[in-house]
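Participant:
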Amino acid sequence: MSADIVLLATVSLISACQQAYFAKLVGKYRMKHKVIPPAVTGPPEFERAFRAQQNCVEFSAIFLVDLWAAGWFFNQGLAAVFGFVYIYGRHLYFHGYVESAKGRLPGFSLCKLSLVCLLVMASVGLSNSFLDKYCDINLFGRLQRLISG
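With mature numbering (1 follows the signal peptide of the UniProt record, and there is no 0) applied, the sequence shown covers -16 to -1, 1 to 133.
Written out as structure tokens, the structure is:
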């Protein structure tokens, strides 16, 4: 069983480590700019770092649900690839946002593309599983037979 989900678990764990790293960086920016908790306002560099980290947290649940649904119902390997693309996009997003508000855009676009791909894969895979279980229609099987000739 664990071998069946090793890629999804790996991507999830790396994503969690990235979240922890971003939280640690926000703590460093707090110290650098003397922003005492629970305050969330301060110099622009701190506010951008804080906002970048919060945005990553806000999208975390969406990412993990899409990743696991795409991997479980569509294809684990492809879901893991888009998961790593998302993690790289989050890296670009966070560090770009700390530099400037516009600096977040390339990373955000990459994350958005990855999430859309994961959502489509999850939706297609889940739809096929639903149709197969409740209507005895296996679209993937039919497509495979059609391609095989």
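The beta carbon of each residue, even a glycine, is placed where N, CA and C say it ideally should be.
Every value quoted in this text rests on a predicted model; they were computed, and no experiment measured them.
Taking the runs of the beta strand (DSSP E) that are 3 residues or longer, which of them lie wholly in the region 15 to 49?
Facilitator: Complete beta strand (DSSP E) runs here, min 3: none at all.
Participant: Along the chain, where does the alpha helix (DSSP H) containing Asp116 start, and where does it finish?
Facilitator: Looking at the DSSP string, the run of the alpha helix (DSSP H) that includes Asp116 is Leu89 to Cys119.
Participant: Going by beta-carbon coordinates alone, are Leu76 and Gly91 separated by less than 7 Å?
Facilitator: A contact, by the Cβ cut-off of 7 Å.
Participant: Determine whether the beta carbon atoms of Phe47 and Val10 lie at a separation below 7 Å.
Facilitator: Cβ distance not < 7 Å, so Phe47 and Val10 don't count as in contact.
Participant: Considering just the uninterrupted stretch of the alpha helix (DSSP H) at Ile(-12), what are its terminal residues?
Facilitator: Note, Ile(-12): premise wrong, no alpha helix (DSSP H); not H, not E.
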